[in-house]
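From first to last, the protein sequence lines are chains A and B.
If you read the first sequence in the numbering used here, its first letter stands for residue 143, the second for the next number, and so on.
If you read the second sequence in the numbering used here, its first letter stands for residue 11, the second for the next number, and so on.
Backbone N, C-alpha and C fix where the C-beta goes; we use that ideal spot for every residue, glycine too.
This one's a predicted model, so the numbers in the text were calculated from it and none came from an experiment.
In what follows, a structure is listed as structure tokens, so that the remarks can point back to it.
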Amino acid sequence: MVHALETVHGLLKPDGRLIDIHPSGEPPPFIVRSGERSEIAGWLEETDDFIEYRQAEAALTQAVSDRLFTVERRSTFLFNLYADTFAELSAYLEANWSDAVIPSDTAAHAKALQKTARGKTEVLLREQVWISRLRPEHR
Amino acid sequence: MAIQIDPEGNEIAALLDLAGDFTGKNVLEIGSGDGRLTWRYAGRAEHVIGIEPNADKMSLAEKNMPASLRERVEMRVQDLLQFAAEMEALIPPLRFDLAILSWSL
Chain A
143 MVHALETVHG LLKPDGRLID IHPSGEPPPF IVRSGERSEI AGWLEETDDF
193 IEYRQAEAAL TQAVSDRLFT VERRSTFLFN LYADTFAELS AYLEANWSDA
243 VIPSDTAAHA KALQKTARGK TEVLLREQVW ISRLRPEHR
Chain B
11 MAIQIDPEGN EIAALLDLAG DFTGKNVLEI GSGDGRLTWR YAGRAEHVIG
61 IEPNADKMSL AEKNMPASLR ERVEMRVQDL LQFAAEMEAL IPPLRFDLAI
111 LSWSL
């Protein structure tokens with residue numbers, strides 16, 4: 143990953159900038175919403191992707207320590223996936239996030255919350271994502 | 011309801027906040043996937059190259075690219091090392107104002 147950052151460094155103009163976007167590596171919660179009420183049904187289980195996201199963070203730290211880049215700004219945002227039902231959301235994850243593992247108790251809890259809720263519900267998966275702006279250093 | 015991905019637009023808002031004005035910029039997006047993020051900023055940039063090693067995702071991107079962006083967005087099935095080697099071989103080598111590592115580091 144540090145090698146990838148070195149490669150990107152070489153592709154930038156001297157006054158160019160790199161924006162890195164990657165999830166925090168913390169398992170994202172499944173949230174069932176009904177009206178104003180939100181309840182966490184459980185979390186997506188740790189997958190290889192989460193390990194890679196933490197490695198990405200370590201690679202950035204290393205690149206800064208090696209004076210390849212300087213972090214100019216950094217912030218986080220929430221990235222939400224919404225579905226009407228838990229089944230719909232899990233089918234989407236199965237098709238698009240092959241590494242995703244949904245614990246059976248989380249699935250059962252989410253379905254129960256939807257079943258017992260009054261009125262319309264929706265299910266969301268909420269990831270916390272890091273975004274950083276980096277300036278290339280020229281050693 | 012179909013799956014809605016970041017309907018609040020938090021990702022593009024954070025990108026515009028950190029990257030600033032895209033006007034006149036040559037942008038490289040690494041891991042451009044199906045173009046989900048690309049379409050949201052490309053209209054402001056001078057030129058965008060998206061690279062994505064997954065051919066299925068790239069095929070979706072080609073299919074879904076808005077007609078208004080076809081002049082300024084170039085999508086390639088390529089990994090970063092291949093792409094960098096190709097840019098280095100150009101005379102002069104092509105360099106970018108902005109590179110975006112889009113969930114791909």
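Tell me, please, whether the CB atom of residue i is closer than 9 angstroms to any CB atom in chain B?
| i | result |
| --- | --- |
| A:Pro-165 | yes |
| A:Val-271 | yes |
| A:Ser-217 | yes |
| A:Glu-230 | yes |
| A:Leu-186 | no |
| A:Ala-254 | no |
| A:Gly-152 | yes |
| A:Leu-147 | yes |
| A:Ala-250 | no |
| A:Ala-201 | yes |
| A:Gly-158 | yes |
Taking 9 angstroms as the CB-CB cut-off, is residue i touching chain A?
| i | result |
| --- | --- |
| B:Gln-88 | no |
| B:Arg-54 | no |
| B:Ala-94 | yes |
| B:Leu-100 | no |
| B:Ser-42 | no |
Is residue i helix, strand or coil by DSSP?
| i | result |
| --- | --- |
| A:Thr-203 | helix |
| B:Leu-91 | helix |
| B:Phe-106 | strand |
| A:Ser-232 | helix |
| A:His-280 | coil |
| B:Phe-32 | coil |
| B:Asn-20 | helix |
| B:Gly-45 | coil |
| B:Asn-64 | coil |
| A:Leu-271 | The sequence as given places Val at residue 271 of chain A; Leu does not occur at that position. Of the three classes helix, strand and coil, the one that applies to A:Val-271 here is strand, per DSSP. |
| B:Arg-80 | coil |
Note down, in chain order, every chain A residue with its Cβ under 9 angstroms from the Cβ of residue i.
| i | result |
| --- | --- |
| B:Glu-62 | Result: empty, since nearest Cβ-Cβ is about 14 angstroms, beyond 9 angstroms. |
| B:Glu-21 | Ile-163, Phe-219, Phe-221, Val-271, Ile-273 |
| B:Met-97 | Gly-152, Leu-153 |
Which bits of chain B does residue i rub up against, with CB to CB less than 8 angstroms?
| i | result |
| --- | --- |
| A:Ile-161 | Leu-25, Leu-28, Ala-29, Leu-108, Ala-109, Ile-110, Leu-111 |
| A:Lys-155 | Arg-105, Phe-106, Asp-107 |
Name the chain A residues whose beta carbon is nearer than 8 angstroms to that of residue i?
| i | result |
| --- | --- |
| B:Pro-17 | Asn-222, Tyr-224 |
| B:Ile-59 | Near B:Ile-59 there are no residues of chain A at all, since even the closest Cβ is about 10 angstroms away, more than 8 angstroms. |
Contact set between the stretch 68 to 81 of chain B and chain A, restricted to residues whose Cβ is under 9 angstroms from the partner: none
Contact set between the stretch 174 to 198 of chain A and chain B, restricted to residues whose Cβ is under 7 angstroms from the partner: Ala-198
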